[in-house]
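The opening residue of the sequence shown carries number 1 in the UniProt record's numbering; numbering runs sequentially from there.
Quick notes on the structure that follows.
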Amino acid sequence: MFSSLIFYLSSRFGKSVRRTRFTKVSYWLSIIAFVLATLAIALITTILNSMQQFQKERLLNYTPQIIVTFNQPLASNGQPTADLEQAYQLLSQSPLKEQINQLNLYAGGKFFMQVDNNLIEGQVLGLDNQDPQTRKNLNAHSKAPINIPEDVAQLNLAPSSFTLAIPESLAYNYRLSVGDQVTLINSEKSTYLPTGFMPVMRQFTISYIYQDQGLNNTWYTNVYDIARLNLERNLHQLNIFLKDPLAIDKLMPKLAQYLHLTYQGDFSYQGQAQTNKLAVTQASDWRQRLAIIFSSIKTEGQVTTTLTSLLIIIAILSCLITFSFIIVEKDRDIAILNVLGMPTPSLNKVFLLMVLGLLIRANIFSLILFILATSFWSHYNIYLNIRIPLQIDYFEVAFTYLSCSAIIFLATAIAGYFIIRIRPAQILR
1 MFSSLIFYLS
11 SRFGKSVRRT
21 RFTKVSYWLS
31 IIAFVLATLA
41 IALITTILNS
51 MQQFQKERLL
61 NYTPQIIVTF
71 NQPLASNGQP
81 TADLEQAYQL
91 LSQSPLKEQI
101 NQLNLYAGGK
111 FFMQVDNNLI
121 EGQVLGLDNQ
131 DPQTRKNLNA
141 HSKAPINIPE
151 DVAQLNLAPS
161 SFTLAIPESL
171 AYNYRLSVGD
181 QVTLINSEKS
191 TYLPTGFMPV
201 MRQFTISYIY
211 QDQGLNNTWY
221 TNVYDIARLN
231 LERNLHQLNI
241 FLKDPLAIDK
251 LMPKLAQYLH
261 LTYQGDFSYQ
271 GQAQTNKLAV
281 TQASDWRQRL
291 AIIFSSIKTE
301 GQVTTTLTSL
311 LIIIAILSCL
321 ITFSFIIVEK
331 DRDIAILNVL
341 GMPTPSLNKV
351 FLLMVLGLLI
361 RANIFSLILF
371 ILATSFWSHY
381 NIYLNIRIPL
391 QIDYFEVAFT
401 YLSCSAIIFL
411 ATAIAGYFII
421 RIRPAQILR
């Protein structure tokens with residue numbers, strides 16, 4: 001495809017071009033434009049993916065992901081019923097069975113904690129560590145996501161003790177320690193008192209403080225204790241923890257179709273359950289509570305992709321201008337080669353090799369800068385106000401560089417096909 005003569009001519013033309021001040025400046029400006037474009041796209045894509053992954057690990061892995069409500073009680077008076085195992089089986093045979101990490105009997109929600117004069121909003125998840133029947137693990141992989149901290153999963157949260165396990169970050173911020181009493185307030189449920197309606201509240205004792213590394217802000221208590229705070233004697237709900245909660249867009253419609261549920265809006269599904277048979281009456285997912293966080297990340301990604309695509313357009317135009325300048329400067333040499341019998345396609349290959357050399361140099365510079373930028377990320381990210389660990393997807397980075405190079409090379413090749421058609425007689429006259 002490329003003969004030794006074409007390689008030789010491309011090398012000679014490239015050296016002569018870089019001797020001329022104007023074309024030399026144009027050549028290096030093209031390299032700088034390409035380096036900045038690819039570096040910006042690779043860095044921004046990596047940062048956005050890291051933000052999404054960080055939020056997934058910090059929020060989604062520990063929050064109830066799909067809450068399914070059944071028409072029959074799964075637990076009553078502090079004991080699981082026979083319908084609980086049947087409910088596990090129903091969900092284990094669903095189209096989501098390969099994507100489910102864990103199933104557990106659910107009671108909890110958003111509550112307020114009163115500490116002195118402070119009201120702290122948080123998520124409470126009920127557990128029954130004494131009865132393994134209330135939790136079922138469907139993912140035996142060694143790298144399965146951790147949905148409940150291991151030390152909390154082994155903790156003795158006895159029923160009717162009204163004890164609470166809280167994260168270390170919360171304890172540090174509000175100077176809480178084991179043995180302190182706090183008040184949990186359920187703002188969605190109220191009781192009537194002579195003074196008026198009051199939200200349901202109850203004193204809990206902090207029995208354990210677990211290390212969360214700033215990732216988990218869930219409070220844990222006994223599942224039946226938190227059900228009493230919800231004014232519920234019977235538990236009708238199961239929570240589904242997924243292997244990848246970000247795949248909810250694809251998985252939730254499949255589950256709804258399997259359970260014969262209809263979409264009601266606001267990421268909620270409704271079903272018409274039979275009274276004499278266990279069936280699902282309602283389902284909702286984490287997007288009902290946290291959609292705004294992840295939709296904002298997606299919006300940022302779309303905006304930044306649009307902006308960085310403009311950089312690629314600038315890089316393409318810069319390469320085309322450089323290519324045109326080189327051809328105009330070398331028009332006499334091109335005409336002579338044409339007269340000597342070199343066909344136009346071969347001449348096109350000569351200049352395409354020059355563009356290929358430009359892209360190789362630019363890719364090397366850009367990759368070096370990308371490696372330096374990611375290696376020293378922890379030293380300067382505080383100045384960018386982006387305090388997240390960087391997680392590099394090397395496949396995506398490679399795809400970014402290859403796709404940018406391919407786009408510029410193809411655009412230059414197509415333009416060069418038309419630019420290089422020089423009439424030898426007109427030039428040499």
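Heads up, the beta-carbon is just placed ideally off N, CA and C, and yes, glycines get one too.
How many angstroms separate the CA atom of residue i from the CA atom of residue j?
| i | j | result |
| --- | --- | --- |
| Ala425 | Leu359 | For Ala425, the pLDDT reaches just 47, beneath the cut-off of 50, and the residue's location in the model is therefore unreliable, leaving the point undetermined. |
| Ser160 | Ile185 | 17 Å |
| Asn139 | Gln93 | 14 Å |
| Ile408 | Leu36 | 14 Å |
| His236 | Tyr394 | 44 Å |
| Leu390 | Leu317 | 32 Å |
| Leu307 | Ala40 | 10 Å |
| Gln211 | Ser169 | 8 Å |
| Ala413 | Leu352 | 7 Å |
| Ser207 | Asp151 | 13 Å |
| Trp28 | Lys298 | 35 Å |
| Cys404 | Gln302 | 18 Å |
| Ile371 | Arg361 | 16 Å |
| residue 430 | Ala256 | Since the first and last residues shown for the chain are 1 and 429, residue 430 lies out of range. |
| Glu396 | Glu300 | 18 Å |
| Gln89 | Lys56 | 27 Å |
| Leu356 | Ser4 | 16 Å |
For residue i, I'd like the list of residues in its chain whose CB is within less than 6 Å of its CB, leaving aside the five on either flank, ordered along the chain.
| i | result |
| --- | --- |
| Asp131 | none |
| Pro95 | Lys254, Tyr258 |
| Arg202 | Leu184, Leu229 |
| Ile120 | Met113 |
| Tyr224 | Gly78, Pro159 |
| Leu369 | Leu39 |
| Val115 | Tyr174, Val182 |
| Ile314 | Ala33 |
| Asn234 | Pro73, Ser76 |
| Ile248 | Asp285 |
Where does the unbroken beta strand (DSSP E) through residue i begin, and where does it stop?
| i | result |
| --- | --- |
| Ser284 | 280–285 |
| residue 448 | Coverage of the chain is limited to positions 1 through 429, which leaves residue 448 absent and any answer about it impossible. |
| Tyr380 | That residue, Tyr380, is in no beta strand (DSSP E); its alpha helix (DSSP H) goes 377–380. |
| Asn217 | Counting along the chain, Asn217 falls outside any beta strand (DSSP E), and DSSP gives it neither H nor E. |
Going by other Cβ atoms of all chains shown within 10 Å of its Cβ, with 16 needed for buried, is residue i buried or exposed?
| i | result |
| --- | --- |
| Thr305 | exposed |
| Ala406 | exposed |
| Leu428 | Low confidence applies here, because Leu428 scores a pLDDT of 48, under 50, leaving its location unreliable; read the following figure in that light. It is exposed - the Cβ of Leu428 has fewer than 16 other Cβ atoms within 10 Å. |
| His379 | exposed |
| Ile47 | buried |
| Ser296 | exposed |
| Arg175 | exposed |
| Leu157 | buried |
| Gly108 | buried |
| Ser30 | buried |
| Phe384 | Looking at the sequence shown, residue 384 is not Phe but Leu. Per the 10 Å Cβ criterion, exposed. |
| Leu410 | exposed |
| Asp128 | buried |
Going by CA-CA distance only, name the one from the options that's closest to residue i.
| i | options | result |
| --- | --- | --- |
| Tyr401 | Ile66, Leu317, Ser309 | Ser309 |
| Pro245 | Leu84, Gln99, Asn217, Leu29 | Gln99 |
| Ile67 | Tyr210, Met51, Asn104, Glu57 | Asn104 |
| Asn230 | Ile364, Lys110, Tyr383 | Lys110 |
| Tyr106 | Phe241, Met113, Lys97 | Phe241 |
| Ala153 | Ala165, Val182, Leu356 | Ala165 |
| Asp266 | Gln288, Leu251, Tyr208, Asp249 | Gln288 |
| Lys136 | Phe162, Val115, Lys97 | Lys97 |
| Phe197 | Gln65, Ser187, Thr205 | Ser187 |
| Phe54 | Glu85, Asn117, Ile388, Asp249 | Ile388 |
| Val124 | Leu372, Gln272, Tyr62, Glu300 | Tyr62 |
| Asn217 | Gln181, Ala171, Tyr383 | Ala171 |
| Ile312 | Ala33, Arg21, Ala398 | Ala33 |
| Met354 | Ser324, Phe365, Ala373 | Ser324 |
| Ser375 | Leu43, Gln72, Glu232, Ser4 | Leu43 |
Can you list, in chain order, the residues of its chain with a C-beta nearer than 7 Å to that of residue i? Leave out the 5 residues immediately preceding and following it.
| i | result |
| --- | --- |
| Ala87 | Phe70, Leu74, Leu238, Leu278 |
| Ile321 | Ser26 |
| Gln270 | Leu261, Thr262, Gln264, Gln282 |
Could you tell me the boundaries of the alpha helix (DSSP H) in which residue i lies?
| i | result |
| --- | --- |
| Tyr174 | Run containing Tyr174: none; DSSP gives neither H nor E here. |
| Leu96 | Neither: Leu96 is in no alpha helix (DSSP H) and is coded neither H nor E. |
| Glu150 | 150–153 |
| Tyr224 | 223–229 |
| Gln264 | That residue, Gln264, is in no alpha helix (DSSP H); its beta strand (DSSP E) goes 262–265. |
| Leu255 | 248–258 |
Would you say residue i lies against chain D (beta-carbon separation less than 7 Å)?
| i | result |
| --- | --- |
| Lys143 | Absent here is chain D; the protein component of the structure consists of one chain. |
Does the Cβ of residue i lie closer than 6 Å to at least one heavy atom of the ligand GTP?
| i | result |
| --- | --- |
| Asp131 | Summarising the ligand content, the structure contains no ligands, and the ligand GTP is consequently not present. |
Please work out which residues of its chain come closer than 8 Å, Cβ to Cβ, to residue i, disregarding the five sequence neighbours upstream and downstream, and give them in chain order.
| i | result |
| --- | --- |
| Leu60 | Pro245, Leu246, Trp286, Leu290 |
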